[in-house]
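Asker: Have a look at this one before I ask anything.
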Amino acid sequence: MADRRHPTATPGTAQPTQAELTAAGTAQPTRAELAAARTTRPTRAELAAAADRTIPDVLAPGLAVLFVGINPGLWSAATGWHFARPGNRFWPALHRGGFTPRLLHPSEQDELPALGLGITNMAARASARADELSSEELLDGAAILTDKVGRYQPRWVAVVGVTAYRIGFQRPKATFGPQPESLAGARLWVLPNPSGLNAHFTPVTLGVAFAELRVATGLPERR
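Just so we're aligned, residue 16 is where the sequence shown starts under our numbering, counting upward by one.
Rendered as structure tokens:
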């Protein structure tokens, strides 16, 4: 079972190598380590240094839902946690939608596979804003994602961001919700971007959108 646990990245340091990830196995961070991590705020210099980094997926075979972000932000790249920037509403929406029994902190992302959930990204490199990505990067990312889904075989793939989905998969008229096509055998769903910059959705309406996906997957409500 690959990529299920990985060392937490320290802001301003290089990301763990694949060998380090493999050696880490399923080691659990202590409560003290998690508590300390949650109070860590990368400095401006550390955030700048995080540009173009990549972070490990939260992934395991046979997941119920694989969530696909656009690409890591600088805060995520500096910490090693997906959707880590304060103000990003992914984790609250996940909880409001009934996917998690409580609101998880980004540092607890490795609890997701036990719930049948995982996270990856359309584009691997970190940037300050998603609109810094080129169309070619999203097209390449869609091809990589297709291969990844074929290997790990999640039942559902939920792309978090309709614009990235339209560009990467060349579906210019795609809308939110279930998609008519599948991806390497997985059902496809498009969710709103939970970034705090997306003013079209409130925390409540994001939670409703995530709940619609959960109901479609048949997963029980856990909140």
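The beta-carbon is built from N, C-alpha and C at its ideal position, and this holds for glycine as well.
1) Do Ala-138 and Pro-121 have their C-beta atoms closer together than 8 Å?
2) Starting from the Cα of Gly-165, find the closest Cα among Gly-200, Thr-58, Asn-213, Trp-96 and give me that residue.
3) Report back the beta-carbon spacing between Val-177 and Thr-190 to the nearest angstrom; my notes put them in contact at under 8 Å.
4) Near Ser-150, what residues of its chain come up, given a Cβ to Cβ distance below 8 Å and the 5 sequence neighbours on each side ignored?
5) Under the assumption that Val-83 contacts Asp-125 (Cβ atoms under 8 Å), give the Cβ distance between them as a whole number of angstroms.
6) What are the partner residues of Ser-197, as DSSP defines its beta bridges?
7) With H, G and I counted as helix, E and B as strand and the rest as coil, what does DSSP make of Gly-156?
8) Give me, in chain order, the residues of the same chain whose beta-carbon lies closer than 6 Å to that of Leu-62; leave out the 5 immediate sequence neighbours on both sides.
9) If you run the structure through DSSP and keep just helix, strand and coil, what is Ala-173?
10) Phe-216 and Phe-114: beta carbons closer than 8 Å?
11) Report buried or exposed for Ala-197, applying the criterion of at least 16 other Cβ atoms within 10 angstroms of its Cβ.
12) Start and end of the alpha helix (DSSP H) containing Leu-119?
13) What do you get for Pro-163, buried or exposed, if any count of 16 or more other CB atoms within 10 angstroms of its CB means buried?
14) Name, in chain order, the residues that DSSP records as bridge partners for Asn-136.
15) Starting from Phe-98, follow the alpha helix (DSSP H) in both directions and report where the run begins and ends.
16) Here's the rule I'm using: 16 or more other beta-carbon atoms within 10 Å means buried, otherwise exposed. How should Arg-111 be labelled?
17) Along the chain, where does the alpha helix (DSSP H) containing Pro-57 start, and where does it finish?
18) Compare the Cα-Cα distances from Ala-157 to each of His-97, Pro-128, Leu-203 and report the closest residue.
19) Classify Thr-135 as buried or exposed, calling it buried when 16 or more other Cβ atoms lie within 10 Å of its own Cβ.
20) When the Cα atoms are used, what is the spatial distance from Asn-103 to Ser-210?
21) Given Ala-38, which residues of its chain have a CB within under 7 Å of its CB, disregarding the five upstream and five downstream residues?
22) Give every residue of the same chain whose Cβ lies closer than 8 Å to the Cβ of Val-219, excluding the five residues on either side of it in the sequence, and list them in chain order.
23) Could you tell me if Pro-275 is buried or exposed, where buried requires 16 or more neighbouring beta carbons within 10 angstroms of its beta carbon?
24) Kindly indicate which three-state DSSP category Gly-192 falls into: helix, strand or coil?
Answerer: Concretely, from the data shown:
1) no
2) Gly-200
3) 7 Å
4) Ile-182
5) In fact, because the Cβ distance is near 18 Å, the residues do not count as touching under 8 Å.
6) BP columns for Ser-197 point to Arg-202.
7) Correct three-state label for Gly-156: helix.
8) Here Leu-62 has Leu-89, Ala-93 as same chain residues with Cβ atoms under 6 Å from its own Cβ, once five neighbours each way along the sequence are excluded.
9) strand
10) No. Outside cutoff.
11) The question names Ala, but residue 197 is Ser in the sequence shown. Classification for Ser-197: exposed.
12) It is not in any alpha helix (DSSP H) - Leu-119 carries neither H nor E in the DSSP assignment.
13) The residue you asked about is not Pro; residue 163 is Lys in the sequence shown. Result: buried.
14) Gly-84
15) First-last for Phe-98: undefined, no H or E at that position.
16) buried
17) According to the DSSP assignment, Pro-57 belongs to no alpha helix (DSSP H), since it is labelled neither H nor E.
18) When only C-alpha atoms are compared, the closest one is Leu-203.
19) With 16 or more other Cβ atoms within 10 Å, it is buried.
20) 5 Å
21) Caution is warranted here: a pLDDT of 38 is assigned to Ala-38, below 50, making its placement in the model unreliable, and the coordinate value is therefore given only provisionally. The beta carbon of Ala-38 lies closer than 7 Å to none in the same chain, with the five residues before and after it left out.
22) Setting aside the 5 residues that flank it on each side, Val-219 is surrounded in the same chain by Arg-111, each with a C-beta closer than 8 Å to its C-beta; the list follows chain order.
23) Absent from the structure is residue 275, since the part of the chain shown begins at 16 and ends at 238.
24) strand
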